[in-house]
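Novice: The following block contains the structure, expressed as structure tokens.
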Amino acid sequence: TGRYWIFDVATQSGEPLDPASLYGRVQTASWSPNSDAVVFTRDNNMFIRHLDSDTATRITTDGGSELFYGVPDWVYEEEVLAGDSATWWSGDGKYVAFFRTDESQVPDFPVQYFFSSPTGSQKKEGEENYPETRKIKYPKAGAPMSVVSLQLYDVRKGQVFTVPIENDFADDDRLITEVVWAGSTGKVIVRSTNRESDILKTILIDADARTGKTVRERDVQKLDGGWFEVSETTTFVPADPAQGRVYDGYIDTVIHNNWDHLAYFTPLNNPDPVMLTEGEWEVVKAPSSVDLKNNLVYFVATKDGSTQRHVYTVDLHKGPQSIQAITDAKQIGYYEPSFSKGSEFMLLTNHGPGIPWQKVLSTPSASQELSVTIEENKELEELAKKTELPIEFYQTIEVDGFPMNLVERRPPHFDPKKKYPVLFYLYNGPGFQQVNRKFTVDFQSYVASSLGYIVVTLDARGTGYMGRRHRCIVRGNIGYWEAHDQIAAAKMWAAKKYVDAERMAIWGWSYGGFMTLKTLEQDAGETFKYGMAVAPVTDWRFYDSIYTERYMHMPQHNPEGYDNSTISNMTALSNNVRFLVMHGASDDNVHFQNTLSLLDKLDLANVRNYDVHIFPDSDHSIYFHNGNRVVYEKLRDWLINAFNGEWLRTEDPKPIGQMDGLG
1 TGRYWIFDVA TQSGEPLDPA SLYGRVQTAS WSPNSDAVVF TRDNNMFIRH LDSDTATRIT
61 TDGGSELFYG VPDWVYEEEV LAGDSATWWS GDGKYVAFFR TDESQVPDFP VQYFFSSPTG
121 SQKKEGEENY PETRKIKYPK AGAPMSVVSL QLYDVRKGQV FTVPIENDFA DDDRLITEVV
181 WAGSTGKVIV RSTNRESDIL KTILIDADAR TGKTVRERDV QKLDGGWFEV SETTTFVPAD
241 PAQGRVYDGY IDTVIHNNWD HLAYFTPLNN PDPVMLTEGE WEVVKAPSSV DLKNNLVYFV
301 ATKDGSTQRH VYTVDLHKGP QSIQAITDAK QIGYYEPSFS KGSEFMLLTN HGPGIPWQKV
361 LSTPSASQEL SVTIEENKEL EELAKKTELP IEFYQTIEVD GFPMNLVERR PPHFDPKKKY
421 PVLFYLYNGP GFQQVNRKFT VDFQSYVASS LGYIVVTLDA RGTGYMGRRH RCIVRGNIGY
481 WEAHDQIAAA KMWAAKKYVD AERMAIWGWS YGGFMTLKTL EQDAGETFKY GMAVAPVTDW
541 RFYDSIYTER YMHMPQHNPE GYDNSTISNM TALSNNVRFL VMHGASDDNV HFQNTLSLLD
601 KLDLANVRNY DVHIFPDSDH SIYFHNGNRV VYEKLRDWLI NAFNGEWLRT EDPKPIGQMD
661 GLG
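Residue numbers (UniProt numbering): 1 to 663.
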């Protein structure tokens, strides 16, 4: 939240967004496309301020602690919108679409703070030694969720209205994942899924006629047993008969022959796509931009390698045979573009594999050539030359017929005649990719270059950009195949002449923490001897509903899958030499409850071959009171002790006299 002001650049003068509420805390605000009004949310109610008026007009009146407008709740902000606004202006500024969120049925989860105050409130005298408890409306898997509905505001009439949708999802089984206005047509495209994210409906609302209907529906549970990821890149393409576009349409990402590809739908209510891309590769957050004058669609894809990102164009009418790369696809690269409004220019960021750089470049849509270097990173380049960075080997391995990307980081002075300890680092969340061609210097680089260990990262089954067959096999039983693949890769490395098979460890944070424990559990000390898990999920019933149910279904529909994915085999964990668990006590994302549940199971089984470190008042990132430095130094020191054999000595403790043969 903040205090918002309107600043006039021409007159160099400012005024409060709402002169009647100088100290009101605004949660989100957005300009109309005509720059003549601002719509904003304050105290969970929506307001509009027309610039020709000195006062703000209230749009909603009943917002409160459990009902709010124009802003998302915790789980929508975290898992769907990735931001704090749930407000969308129509292209002509006549309408505003916004979320109405009722979270009255969502249970509270208490997060305690012992040494800090997230609210900044002063405690009463005599109550200074009690923790502050922040109650978060957090829907865990299977629990009641907030009811989110789309409402519209007619700016000219000053009316709020809701459009009934034919064949809509029930209130308790609906996620609204994207809202896109079709320019100035008065129509809005809404993507909505069921709670488990495997049935997608594309809904077309006509705000002028106040009607709405489902124009496209797909059930991926029947298609491949998978799920729909949230997409925020659907792009409206207006009709222009002179350019061969007879009707309005839109570009969306769809599933095509096991891969994610671009499709063109026209007219707006047409359920049948015209495919723009195809092949055994995937588009990424596409399209990036559309040149309406030349019918050129710009997009990023893995066409020239799943670990790479290049920028391409495709002609809206010619389709897949017209695809052309506009970055140098002959060279390994990882690019990210940002386009000007007419697609004539792009800010192109090269993230690697070399030193990152940024340029403003003209595109094939431009009539003149332009190339302006924004950043060369000369200082970083000089520093990199003086620094002994790890030697990286990218490769593809195969497990059970599935190809998987892997990177091995070797110490700078690697000697194949020596035997090295190996640390596996993983995340391996569904749809995520860690093995890519970005230039990266991180903790793994430090371990390889400064500690002299080999560090391996494998993107196992379930990860992204290798097709849906590779990705969706994990659904309903996350952790099993991913751990199976990590162990298979570890066995391959253990067999290498330069690897010390008795000194192999694995570590990860968040989902990677879960995967560390799940891999140790499945392996039971056979391959990995050590593990380090930071902020791990240990039971998916404890995590948020939208994320978890997308990959696991609801617990009520898949109890066996939840049981299997829980870290539950303490005997198997006891067969490892030792493992480390660290967690922030005030983690509002992966709750500390996860680690407490694991500790309870370990106690019941009388298993003690582990260390635990709790960070007071730290959230999921672990920063409070020097936490971030401590967490990485602890990882370093614990790993050194592991590979030095210290934990072997503590495995069977004896009094010193007995160790010296005096007992």
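Even glycine gets a Cβ: it sits at the ideal position worked out from N, Cα and C.
The structure presented is a predicted model; accordingly, all values stated were derived computationally and were not measured.
Using only the alpha-carbon positions, how far apart do residue 48 and residue 422 sit?
Specialist: As a working mapping, residue 48 is identified with position 48 in the sequence shown. As a working mapping, residue 422 is identified with position 422 in the sequence shown. Their Cα atoms are separated by approximately 59 Å.
Novice: Quick one: Cα of residue 160 to Cα of residue 558, how far?
Specialist: The count along the sequence shown starts at 1 and reaches residue 160 at position 160. The count along the sequence shown starts at 1 and reaches residue 558 at position 558. If you take the alpha carbons of residue 160 and residue 558, they lie about 40 Å apart.
Novice: Apart from the five residues just before and just after residue 495, which ones in its own chain have a Cβ nearer than 8 Å to its Cβ?
Specialist: Indexing the sequence shown from 1 puts residue 495 at position 495. For residue 495, where only same-chain residues beyond five positions count, the Cβ hits under 8 Å are 501.
Novice: Given the structure, does residue 277 come close to the ligand COA, in the sense that its CB is under 6 Å from one of the ligand's heavy atoms?
Specialist: What this structure holds is no ligand at all, so the ligand COA is not there to describe.
Novice: Using beta-carbon positions only, say whether residue 359 and residue 370 come within less than 7 Å of one another.
Specialist: Along the sequence shown, one-based indexing puts residue 359 at 359. Along the sequence shown, one-based indexing puts residue 370 at 370. No, they are not a contact pair.
Novice: Nearest to residue 455 by CA position, among 277, 6, 39, 392, is which residue?
Specialist: Taking the first residue of the sequence shown as position 1, residue 455 is located at position 455. The residue with the shortest Cα to Cα distance from residue 455 is 392.
Novice: Could you have a look at residue 665 and say whether DSSP puts it in helix, strand or coil?
Specialist: Any answer about residue 665 is impossible in this case: the structure gives the chain only from 1 up to 663.
Novice: Look at the Cβ atom of residue 613, then the Cβ atom of residue 634, and state whether they are nearer than 7 Å.
Specialist: Translated into positions along the sequence shown, residue 613 becomes position 613. Translated into positions along the sequence shown, residue 634 becomes position 634. Cβ atoms of residue 613 and residue 634: closer than 7 Å.
Novice: Helix or strand or just coil, what does DSSP make of residue 663?
Specialist: As a first step, residue 663 is located in the sequence shown; it is residue number 663 there, counting from the start. For residue 663, the pLDDT reaches just 44, beneath the cut-off of 50, and the residue's location in the model is therefore unreliable, leaving the point undetermined.
Novice: Our contact map puts residue 439 next to residue 333 with C-beta atoms below 8 Å; I'd like the distance itself, whole angstroms only.
Specialist: The residue given as residue 439 occupies position 439 in the sequence shown. The residue given as residue 333 occupies position 333 in the sequence shown. Rounded, the Cβ-Cβ distance is 11 Å, inconsistent with contact.
Novice: Starting from residue 41, trace the beta strand (DSSP E) in both directions and tell me its first and last residue.
Specialist: On the sequence shown, position 41 is the one that residue 41 refers to. 37-42 is the span of the beta strand (DSSP E), which, as asked, contains residue 41.
Novice: How would you label residue 42, buried or exposed, when you count the other beta carbons within 10 angstroms and need 16 or more for buried?
Specialist: The residue you call residue 42 lines up with position 42 of the sequence shown. With 16 or more Cβ atoms within 10 Å of its Cβ, residue 42 is classed as buried.
Novice: Round the Cβ separation of residue 3 and residue 26 to the nearest angstrom and send it over; I've been treating them as touching at under 8 Å.
Specialist: For the purposes of this step, residue 3 is identified with residue 3 of the sequence shown, where counting begins at 1. For the purposes of this step, residue 26 is identified with residue 26 of the sequence shown, where counting begins at 1. At roughly 7 Å, the Cβ-Cβ gap stays under 8 Å, so residue 3 and residue 26 are in contact.
Novice: DSSP state of residue 405, grouped into three classes?
Specialist: Start at 1 with the first residue of the sequence shown, and residue 405 comes out as number 405. If DSSP states are grouped into helix, strand and coil, residue 405 belongs with the strands.
Novice: Tell me which residue opens and which closes the alpha helix (DSSP H) that residue 643 is part of.
Specialist: As a working note, residue 643 is residue 643 in the sequence shown. 627-643 is the extent of the alpha helix (DSSP H) around residue 643.
Novice: Looking at residue 264: is its Cβ nearer than 7 Å to the Cβ of residue 254?
Specialist: Translated into the one-based positions of the sequence shown, residue 264 becomes position 264. Translated into the one-based positions of the sequence shown, residue 254 becomes position 254. Not closer than 7 Å, so no.
Novice: Are the stretch 13-30 and the stretch 50-57 in contact at 8 Å, needing three or more beta carbon pairs?
Specialist: Output reads yes: the stretch 50-57 touches the stretch 13-30.
Novice: Out of 30, 383, 335, 486, state which residue places its alpha-carbon closest to the alpha-carbon of residue 303.
Specialist: Here residue 303 refers to the residue found at position 303 when the sequence shown is read from its first residue. Ranking the options by Cα distance to residue 303, first place goes to 335.
Novice: Along the chain, which unbroken stretches of the alpha helix (DSSP H) at least 4 residues long are found entirely within the stretch 549-631?
Specialist: Complete alpha helix (DSSP H) runs here, min 4: 559-565, 570-574, 593-604.
Novice: What residues match up with residue 676 in a beta bridge as DSSP calls it?
Specialist: Residue 676 is absent from the model: the chain starts at 1 and stops at 663.
Novice: May I ask which residues mark the beginning and end of the beta strand (DSSP E) holding residue 448?
Specialist: In the sequence shown, residue 448 corresponds to position 448, counting from 1. From DSSP, residue 448 is part of no beta strand (DSSP E); its letter is neither H nor E.
Novice: Would residue 463 and residue 428 qualify as a contact pair, given that the criterion is a beta-carbon distance under 7 Å?
Specialist: Against the sequence shown, residue 463 aligns to sequence position 463. Against the sequence shown, residue 428 aligns to sequence position 428. Yes.
Novice: Locate the alpha helix (DSSP H) running through residue 517, then write down its first and last residues.
Specialist: Taking the first residue of the sequence shown as position 1, residue 517 is located at position 517. Unbroken alpha helix (DSSP H) run through residue 517: 511-523.
Novice: Does the beta-carbon of residue 386 have 16 or more other beta-carbons within 10 angstroms, so that it is buried, or is it exposed?
Specialist: Sequence index remark: in the sequence shown, residue 386 carries index 386 (1-based). The residue in question, residue 386, is exposed, as its Cβ has fewer than 16 Cβ neighbours within 10 Å.
Novice: Name the residue from 287, 444, 327, 184 whose alpha carbon lies nearest to the alpha carbon of residue 639.
Specialist: Along the sequence shown, one-based indexing puts residue 639 at 639. Nearest of 287, 444, 327, 184 to residue 639, Cα basis: 444.
Novice: Mind checking residue 11: buried by the 16 CB within 10 Å criterion, or exposed?
Specialist: Looking up residue 11 in the sequence shown gives position 11. Exposed, by the Cβ-count rule.
Novice: Mapping the DSSP letters down to three states, classify residue 319 as helix, strand or coil.
Specialist: The residue given as residue 319 occupies position 319 in the sequence shown. The answer is helix: DSSP assigns residue 319 an H, G or I state.
Novice: What number of angstroms, rounded off, separates the C-alpha of residue 5 from the C-alpha of residue 40?
Specialist: Position 5 of the sequence shown holds residue 5. Position 40 of the sequence shown holds residue 40. For residue 5 and residue 40, the distance between alpha carbons rounds to 12 Å.
Novice: Quick one: residues in its chain with C-beta nearer than 7 Å to the C-beta of residue 419, no 5 flanking neighbours on either side, listed in chain order?
Specialist: The residue given as residue 419 occupies position 419 in the sequence shown. Once the five neighbours on either side are set aside, the close Cβ partners of residue 419 are 498, 499, 500.
Novice: Given this structure, state the Cα-to-Cα distance separating residue 380 from residue 193, to the nearest angstrom.
Specialist: Walking along the sequence shown from the start, residue 380 turns up at place 380. Walking along the sequence shown from the start, residue 193 turns up at place 193. Looking at the two C-alpha atoms, the distance is approximately 45 Å.
Novice: Where does residue 74 fall in DSSP's three states?
Specialist: Within the sequence shown, the letter at position 74 stands for residue 74. The answer is helix: DSSP assigns residue 74 an H, G or I state.
Novice: Would you call the stretch 564-578 in contact with the stretch 515-534, where contact means no fewer than 3 C-beta pairs closer than 8 Å?
Specialist: Yes, they touch.
Novice: Between the stretch 291-306 and the stretch 314-324, do at least 3 Cβ pairs fall closer than 8 Å?
Specialist: With the cut-off at 8 Å, the stretch 291-306 and the stretch 314-324 touch.
Novice: Out of 317, 339, 247, 242, state which residue places its alpha-carbon closest to the alpha-carbon of residue 287.
Specialist: For the purposes of this step, residue 287 is taken as the residue at position 287 of the sequence shown. The shortest Cα separation from residue 287 among 317, 339, 247, 242 belongs to 339.
Novice: For residue 317, count neighbouring Cβ atoms within 10 angstroms of its own Cβ and tell me buried if that reaches 16, exposed if not.
Specialist: In the sequence shown, counting from the first residue as 1, residue 317 sits at position 317. By the 10 Å Cβ count, residue 317 comes out exposed.
Novice: Within 8 Å, do at least three Cβ pairs link the stretch 172-180 to the stretch 109-121?
Specialist: The stretch 109-121 is not in contact with the stretch 172-180.
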